[in-house]
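Q: One structure is given below, represented as structure tokens, and several questions about it will come after.
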Amino acid sequence: MQNEYRSKKAASACWASVFMVLMVGGCVTVPFDSEIEHPPLWQIEKPDGSIMWLLGTVHWLPAAQQPDHWRLEIWLRHRRVNTGQPLPVPWNHGSVHTAIENMQSLVIESIDQPTEAELLEVVSRVFVTDECSDSSRSNPDSWRENLMTENDSIPLIGKLFLMNESRSNPVQEADNVGLEYWLGTFAGLRGVPVFALENLETRAHVVWANLGHKSCEIQAALMAQFEAVQSEPRESQPELPRAYALWRVGDIATLDQELRRFDRDDPELFRALVSGRNRFWIDFLLEHLDRPGNTLVAVGMAHLAGPDNLLQLLAEHDIEARRVQ
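Note that the numbering used here has the sequence shown beginning at 3, numbered continuously upward.
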């Protein structure tokens, strides 16, 4: 079976890689059993008595925990008959297990898969200036060459967005190994509806609004940082294991400090990658709070800490989330 989540890319994963390079300063000591992970989870009681859970995720997992797609599908289909077996991952226990087993809808960051033509149409329409355009080819990879051909008028920040979002980006497949794959496949095979907080156009507008005015030198530096991240195998990039280390122990306090430092150092980039997207998402969450039935919202952990995080924005609407893990 060709499952839509097998090919689904974590649309923000590459942005998150750049973000973690800039933001995370160090690793944390892991105090828990190495076989068990404790991702952060909050819950909100809806007006009808059902629950909305907010689960902090990572878009990348170490190789030992990356899913074998075929075995996962076989296991999930077998489980439909033989119930009672939890999803076989070390983070599915306690309150997280309760949320997964009882969700009646799943909300994740993005599920769109634009074609190259759709991607180019959005980028050409949103990134509307020819300032900072550049015909250089800093990396000879054929997928980059194909994307950039006849698109030299796109500004650097638009090119960065274009490359990040492209299906032909080989890193996208490597990034499709986080919690989104597990949760999306599980929901799909159980017939649980899946919703997205954003789409391609939303992401483009957030990036352009916050980074489009950056100087050409800064845009070039961001492009160089992006390409440096893309050129290395994911396992060898230290920022990803560091992000995973924070996530696996649910260390929101450390992440909050790092995010606030990132916001002070570069508020525009922080808004483009994190807080600006949160503000786009909040109305969607408020709408789903009024819908009956249990909802699991799974977003990158960085959206649940730091300035203008989702929990803070919900509190501004007098909605309090209680941490349960």
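For each residue, glycine too, the CB sits at the ideal point set by N, CA and C.
Once you ignore the five residues that flank Leu63 on each side, which residues in its own chain have a CB closer than 8 Å to its CB?
A: Around Leu63: Val179, Gly180, Leu181 and Tyr246.
Q: Please report how far the alpha carbon of Val1 lies from the alpha carbon of Val326, in whole angstroms.
A: Residue 1 lies beyond the stretch modelled for the chain, which goes from 3 to 327, so this question has no answer here.
Q: For the region 255 to 312, which segments carrying the alpha helix (DSSP H) assignment without a break, of at least 4 residues, lie completely within its bounds, in sequence order?
A: Runs of the alpha helix (DSSP H) inside the region 255 to 312: 269 to 272 and 278 to 291.
Q: In terms of DSSP beta bridges, what is Trp55 paired with?
A: Trp55 pairs with Gln45 and Leu298.
Q: Who pairs with Leu108 in a beta bridge, going by DSSP?
A: Partner(s): Val196 and Leu298.
Q: Rounded to whole angstroms, what is the Cα-Cα separation between Leu158 and Val125?
A: Approximately 11 Å, taken between the alpha carbons.
Q: Is the region 207 to 223 touching the region 299 to 308, taking contact as three or more C-beta pairs under 8 Å?
A: No, the region 207 to 223 is not in contact with the region 299 to 308.
Q: Can you say whether Ala206 is buried or exposed, counting buried as having 16 or more other CB atoms within 10 angstroms of its CB?
A: The residue is buried, with at least 16 neighbouring Cβ atoms inside 10 Å.
Q: Using three-state DSSP, classify Pro157 as helix, strand or coil.
A: Correct three-state label for Pro157: strand.
Q: Is it buried or exposed, Asn166, if we count other Cβ atoms within 10 angstroms and call 16 or more buried?
A: Buried: at least 16 other Cβ atoms inside 10 Å.
Q: CA-CA distance, Lys48 and Leu312?
A: Going by the C-alpha atoms only, they are around 16 Å apart.
Q: Is it the case that the region 187 to 202 contacts the region 252 to 264, given that we only count it when at least three CB pairs across the two stretches are under 8 Å?
A: Judged by Cβ distances under 8 Å, the region 252 to 264 makes no contact with the region 187 to 202, as fewer than three pairs qualify.
Q: Out of Asp285, Pro195 and Gly193, which one is the CA nearest neighbour of Glu318?
A: Among Asp285, Pro195 and Gly193, the Cα nearest to that of Glu318 belongs to Asp285.
Q: Closest to Met225 by CA distance: which of Gly160, Glu260 and Glu103 is it?
A: Comparing Cα-Cα distances from Met225 to each of Gly160, Glu260 and Glu103, the minimum goes to Gly160.
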